[in-house]
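Peer 1:
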Amino acid sequence: MKKVNRVRKNEEFQVLIKKGRKKTSASFVMYYAEKKQEQARIGISLSKKIGNAVVRNKIKRQVRMMCQDLISFETFPYDAVLIVRHSYKNSSFADNKNILEKLFLKATM
């Protein structure tokens, strides 16, 4: 996922969380709002309770790849923040990808 397609600043995370709509699933919480730029942006957040830095970075890389496979950043109509829940670690990569796909579908309906 390109850096252009990422929410990076803390203020942007806070705006999306406070003013955006919310969808939840077993492994993710997604806050989303209308995009302000041409391309959609995704931000990923994890709690330190999920694991050490190595584990958290691995999960972020996996979620970035899922997003890259599942959505087109040009046509997806929202900026979003994905908060990864602790139950993410209990499911396989394929299961989590299916859960995320359903979450994106719920958001676009």
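Throughout, the working numbering is defined as the position within the sequence shown, counted from one, plus 1422. Where is the CB? At the ideal position from N, CA and C, for every residue including glycine. Fair warning: this is a prediction, and the values are worked out from it, not measured in the lab.
In whole angstroms, give me the CA-to-CA distance for residue 1460 and residue 1472.
Peer 2: Spanning the two alpha carbons is a distance of roughly 33 Å.
Peer 1: Of all the options 1495, 1477 and 1466, which has the alpha carbon lying nearest to the alpha carbon of residue 1506?
Peer 2: Of the candidates 1495, 1477 and 1466, the one whose C-alpha sits nearest the C-alpha of residue 1506 is 1466.
Peer 1: Here's the rule: buried if 16 or more other CB atoms are within 10 angstroms of the residue's CB, otherwise exposed. What is residue 1476?
Peer 2: Counting Cβ neighbours within 10 Å, residue 1476 comes out exposed, since fewer than 16 surround it.
Peer 1: Given a cut-off of 9 Å, decide if residue 1464 and residue 1504 are closer than it, judged by their beta-carbon atoms.
Peer 2: Yes, the Cβ-Cβ distance between residue 1504 and residue 1464 is below 9 Å.
Peer 1: Tell me whether the beta-carbon of residue 1528 lies closer than 9 Å to the beta-carbon of residue 1457.
Peer 2: Not in contact: residue 1528 and residue 1457 (Cβ atoms no closer than 9 Å).
Peer 1: At what residues does the alpha helix (DSSP H) containing residue 1530 begin and finish?
Peer 2: 1515-1530 is the extent of the alpha helix (DSSP H) around residue 1530.
Peer 1: For residue 1501, which option in 1449, 1530, 1468 and 1469 has the closest C-alpha, if you only look at C-alpha atoms?
Peer 2: Out of 1449, 1530, 1468 and 1469, 1530 has the C-alpha closest to the C-alpha of residue 1501.
Peer 1: When burial is assigned at 16 or more other CB atoms within 10 Å of the CB, is residue 1485 buried or exposed?
Peer 2: By the 10 Å Cβ count, residue 1485 comes out buried.
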